[in-house]
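So the structure is just underneath, and the comments pick up after that.
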Amino acid sequence: MAKLYFYYSAMNAGKSTRLLQSSFNYRERGMDTLLYTFKFDDRFGEAKVASRIGLASEANTFDADLDLFSDVLSKRTTKTACILVDEAQFLTKNQVHGLCRVVDELDIPVLTYGLRSDFLGESFEGSKYLLMLADELVEVKAVCHCGKKAIMNAKYDSNKKIMRSGEQIDIGGNEKYTPLCRKHFMEGVIERDG
Ligand SMILES: [Zn+2]
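The structure is reproduced here in structure tokens:
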């Protein structure tokens with residue numbers, strides 16, 4: 193039976209690398225995969241899943257308006273063996289429900305990858321419903337500057353001061369966000385000597 197998986201973590205844990213490796217493993221065996229990523233993420237150009245260690249693959253995109261179940265229905269072929277979704281924190285509740293239908297009605301495994309919480313320590317809609325509905329929850333470990341496991345995402349300004357307000361969706365590069373352990377997130381210490 194197919195399952196819905198949620199690989200969750202703070203940022204810079206290697207989620208996209210894992211997604212691309214999983215896709216490669218299917219394709220190496222002659223199967224096809226469907227990749228999705230969030231439409232407003234243009235860090236690496238349009239419609240790509242790219243990892244920090246240099247791997248990249250073309251991908252379909254989703255935004256809040258996409259009927260994900262119908263989109264998978266229209267794009268899948270008899271060779272489609274797996275659906276992989278990056279930036280899954282940006283999924284809506286309805287899209288998570290759509291992915292549940294892909295698993296339960298089409299019997300295709302769905303692997304989602306996303307952030308556990310935003311830079312204010314609040315939940316994302318997609319992650320919230322994936323944490324509730326996924327068959328399998330897998331934590332991908334990121335590391336704080338102190339060496340402990342990072343479970344939070346800090347956003348900081350040009351003075352390296354942690355930001356405690358702002359819009360949830362504002363995707364930057366590594367210069368604006370950093371993964372922290374809970375203690376250093378609460379204290380607002382974004383680097384070792386900071
Ligand atoms: Zn720390």
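Numbering (the numbering used here), first residue to last: 193 to 386. Virtual Cβ for every residue (Gly too), placed ideally from N, Cα, C. The model shown is predicted, which means the values in this text are computed figures rather than measured ones.
Would you say lysine 340 touches ligand 1, meaning its beta carbon is less than 8 Å from a heavy atom?
One-based indexing of the sequence shown puts residue 340 at position 148. It does: the Cβ of lysine 340 is within 8 Å (strictly closer) of some heavy atom of ligand 1.
Which residue marks the beginning of the alpha helix (DSSP H) containing phenylalanine 230, and which one marks its end?
Your numbering for residue 230 matches position 38 in the sequence shown. Phenylalanine 230 -> not in any alpha helix (DSSP H); beta strand (DSSP E) instead, spanning 224 to 230.
Near threonine 209, which residues of its chain fall below 7 Å by C-beta distance, leaving aside the five closest residues on each side in sequence?
Counted from its first residue, the sequence shown places residue 209 at position 17. Closer than 7 Å at the Cβ level, and outside the excluded window around threonine 209, lie Ser243, Ile245 and Leu247.
Would you say the beta carbon of lysine 352 is closer than 8 Å to some non-hydrogen atom of ligand 1?
By one-based count along the sequence shown, residue 352 stands at place 160. Answer for lysine 352: no, Cβ out of range of ligand 1.
According to the neighbour-count rule (16 or more other Cβ atoms, all chains shown, within 10 Å of its Cβ), is valine 241 buried or exposed?
Looking up residue 241 in the sequence shown gives position 49. Its Cβ being crowded by 16 or more others within 10 Å, valine 241 is buried.
Whose CA, out of Glu220, Lys368, Ser249 and Arg268, lies closest to the CA of valine 302?
Counted from its first residue, the sequence shown places residue 302 at position 110. The option with the nearest alpha carbon to valine 302 is Arg268.
Helix, strand or coil for lysine 375, going by three-state DSSP, please let me know.
Within the sequence shown, the letter at position 183 stands for residue 375. If DSSP states are grouped into helix, strand and coil, lysine 375 belongs with the helices.
Here's the rule: buried if 16 or more other CB atoms are within 10 angstroms of the residue's CB, otherwise exposed. What is glutamate 328?
By one-based count along the sequence shown, residue 328 stands at place 136. Exposed, by the Cβ-count rule.
In chain order, what residues of the same chain have a beta carbon less than 7 Å from the beta carbon of alanine 256, not counting five sequence neighbours either side?
On the sequence shown, residue 256 is found 64 positions in, with the first residue counted as 1. Around alanine 256: Thr284.
Exposed or buried, what is methionine 324 when buried is set at 16 or more other beta-carbons lying within 10 Å of its beta-carbon?
Reading the sequence shown from its first residue, position 132 is the one you call residue 324. Exposed, since its Cβ has fewer than 16 Cβ neighbours within 10 Å.
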